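Chains as they are written, first to last, in our numbering: chain A, 1 to 115; chain B, 1001 to 1115. Ideal Cβ placement from N, Cα and C applies to all residues, glycine included. Values in this document were obtained by computation on a predicted structure and should not be read as measured data. What follows is one structure encoded as structure tokens, with my remarks underneath.
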């Protein structure tokens, strides 16, 4: 037998989860940019406590996947970078959240077992 | 201003999320091993559609973090590897699931906005 007691499902608990969206920093970025029309790069950086380099790297992955759009501009003399979610990015976030909801419910269902 | 409309929170949406547990494969493994007293390596591999090498790598990370225990044995002549969750692993999974629940709710709250 595969396990000492029956697993609650023989389906992968992370089915439908995509690393591009699931990765911790990128999931945080998508969640934040989904909350406004566009969000300043520095605001994301401060909210998440990241270095500019680390955030840039992850924003680039999201941009290359078509999930966010990056625009450069300025406020007065200060250069600014804005990040906004694309329609595809919003869909990807909602798919991820659906998968996470299922996973949370699955773990809750097995809440009775103790190691 | 930081964003064109107020973000629903200036708290990081991925606060409390730890890469060791959050990473897709490891999150799946922890979820599965939390569902039984111990689970056969090959069962996890098949359920998640992974190569043995890839799964081994992730199980090692979990083992080194003290989140799972690996035991070797045999059923008849066939060698078998079993994976079980530790108390610490179970706690880590529940902490992750708490964070995921908050994130899911946060994304649901911003459901009205369109990109």
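Near the ligand NAP: residue i beta-carbon under 8 Å from a heavy atom
i, result
"residue 1059 of chain B", "Of the ligands one can find in the structure shown there are none, so the ligand NAP has no counterpart to examine."
C-beta atoms of residue i and residue j nearer than 9 Å
i, j, result
"residue 1034 of chain B", "residue 1085 of chain B", "yes"
"residue 108 of chain A", "residue 1097 of chain B", "yes"
"residue 1016 of chain B", "residue 1095 of chain B", "yes"
"residue 1025 of chain B", "residue 1048 of chain B", "yes"
"residue 72 of chain A", "residue 60 of chain A", "no"
Exposure label - residue i; buried when at least 16 CB within 10 Å
i, result
"residue 1074 of chain B", "exposed"
"residue 1031 of chain B", "buried"
"residue 89 of chain A", "buried"
"residue 40 of chain A", "buried"
"residue 13 of chain A", "buried"
"residue 1091 of chain B", "exposed"
"residue 1057 of chain B", "exposed"
Boundaries of the beta strand (DSSP E) in which residue i is found, first to last residue
i, result
"residue 75 of chain A", "68-75"
Alpha-carbon spacing of residue i relative to residue j, whole angstroms
i, j, result
"residue 1021 of chain B", "residue 1077 of chain B", "34 Å"
"residue 1070 of chain B", "residue 1100 of chain B", "27 Å"
"residue 51 of chain A", "residue 1036 of chain B", "40 Å"
"residue 1110 of chain B", "residue 93 of chain A", "12 Å"
Range covered by the alpha helix (DSSP H) that runs through residue i
i, result
"residue 1095 of chain B", "1087-1109"
"residue 63 of chain A", "52-64"
"residue 1044 of chain B", "1041-1048"
Below-9 Å beta-carbon distance, residue i vs any chain B residue
i, result
"residue 55 of chain A", "no"
"residue 93 of chain A", "yes"
"residue 106 of chain A", "yes"
"residue 12 of chain A", "yes"
"residue 113 of chain A", "With a pLDDT of only 44 at residue 113 of chain A, under the threshold of 50, the placement of this residue in the model should not be trusted, and no figure is reported."
Within-9 Å CB hit, residue i to chain A
i, result
"residue 1101 of chain B", "yes"
"residue 1064 of chain B", "no"
"residue 1078 of chain B", "no"
"residue 1019 of chain B", "yes"
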